[in-house]
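Okay, structure first, notes after.
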Amino acid sequence: MAGASAVRTDDTLLSRLDRALFRVETLLALISGLAVFSLMLLAVVSVGGRNIFNQPLPGYVDWIEQAMPLIAFLGIAYCQRLGGHIRMDILVGQLRGRALWITEFLTTAVILLLMVLLVWGSWAHFQRSFDFNAPLWSRDSSFDIRLPLWPAKLLVPVAFSVLCARLVLQLWGYGRAILTGDPAPVAVPLIEDAATVAANEAAHVSGFEAAEEPDAVGDRRDGRGAD
1074 MAGASAVRTD
1084 DTLLSRLDRA
1094 LFRVETLLAL
1104 ISGLAVFSLM
1114 LLAVVSVGGR
1124 NIFNQPLPGY
1134 VDWIEQAMPL
1144 IAFLGIAYCQ
1154 RLGGHIRMDI
1164 LVGQLRGRAL
1174 WITEFLTTAV
1184 ILLLMVLLVW
1194 GSWAHFQRSF
1204 DFNAPLWSRD
1214 SSFDIRLPLW
1224 PAKLLVPVAF
1234 SVLCARLVLQ
1244 LWGYGRAILT
1254 GDPAPVAVPL
1264 IEDAATVAAN
1274 EAAHVSGFEA
1284 AEEPDAVGDR
1294 RDGRGAD
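For what it's worth, my numbering labels the leading residue of the sequence shown as 1074, then goes sequentially.
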């Protein structure tokens, strides 16, 4: 979504499932972030080895290729839960009430249909690569150091399946909002206006300043804050 959003929670079954799935999505997003950090370390090792020992890291490009599914796909369900995916919401942003929830329900249903097809296709792609009787269970491998490719291919249907679960919960949330007319349903991203976003950011910054203020007071008492 183009704008910032928030997700309401309560004690309903839908909200509990939403929070449980969000923990899984957060873990996958963390793994994705660690993959990015690992690639940074690999780049340092490879460049340092090339410049200092005239020996770059073997299979550096292969490791990058293996890490791409971690980086590209593991965080998509997390982003969907927070409403972070980019979309054109000029029209949707003007809708309110049931008209908004019907629109969100229909677009989410289309996305879910597409993702189910992608799960099916990516799983078939993984199956073509995986073979118990092959070396390292893989029918194919990377170009340089012969890394098996099936683990990276397996990550894609796994990540897409988590996204499908997220979309099902959001369809549930939008469907319930259509039936009840709830202006702020749970388990779905609610777009915030610019004033609310600014207020939240100000409160966030103020929280950091409040946390730092006792240390600053202590520094002044010790004389460390003086010029």
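All C-beta atoms in this analysis are idealised placements derived from N, C-alpha and C, irrespective of residue type, glycine included.
Where residue i falls, given that 16 or more other Cβ within 10 Å makes a residue buried
| i | result |
| --- | --- |
| residue 1199 | buried |
| residue 1098 | buried |
| residue 1208 | exposed |
| residue 1131 | exposed |
| residue 1080 | buried |
| residue 1142 | buried |
| residue 1256 | exposed |
| residue 1148 | buried |
| residue 1301 | The structure shown does not extend to residue 1301, since the chain spans only 1074 to 1300, so no value can be given for it. |
| residue 1154 | buried |
| residue 1246 | buried |
| residue 1239 | buried |
| residue 1161 | exposed |
| residue 1172 | exposed |
| residue 1126 | exposed |
| residue 1121 | exposed |
| residue 1178 | buried |
| residue 1100 | exposed |
| residue 1119 | buried |
DSSP state of residue i mapped onto helix, strand, coil
| i | result |
| --- | --- |
| residue 1306 | What is shown of the chain runs 1074 to 1300, which leaves residue 1306 out entirely. |
| residue 1159 | coil |
| residue 1212 | coil |
| residue 1095 | helix |
| residue 1205 | coil |
| residue 1269 | helix |
Same chain only: Cβ atoms within 6 Å of residue i, ignoring 5 sequence neighbours per side
| i | result |
| --- | --- |
| residue 1158 | 1152 |
| residue 1140 | 1108, 1112 |
| residue 1083 | 1259 |
Identified DSSP bridge partners for residue i
| i | result |
| --- | --- |
| residue 1080 | 1262 |
Cβ shell of residue i (< 8 Å), same chain only, five flanking positions each side left out
| i | result |
| --- | --- |
| residue 1242 | 1087, 1090, 1091, 1094, 1260 |
| residue 1216 | 1134, 1135 |
Cutoff 7 Å; reference residue i; Cβ partners in own chain excluding five residues on either side
| i | result |
| --- | --- |
| residue 1195 | 1229, 1230, 1233 |
| residue 1223 | 1199, 1202, 1203, 1210, 1211 |
| residue 1193 | none |
| residue 1181 | 1240, 1243, 1244, 1247 |
Residue i at chain C interface by Cβ criterion, 7 Å
| i | result |
| --- | --- |
| residue 1173 | Annotation note: the requested chain C is absent from the structure, which comprises a single protein chain. |
- request: Please go through the segment 1221 to 1260 and give each complete alpha helix (DSSP H) segment of 4 or more residues, from N-terminal end onward.
  value: 1223 to 1253
message: Runs of 4 residues minimum, wholly inside the segment 1113 to 1181: which ones carry the alpha helix (DSSP H) assignment?
response: 1133 to 1146, 1149 to 1154
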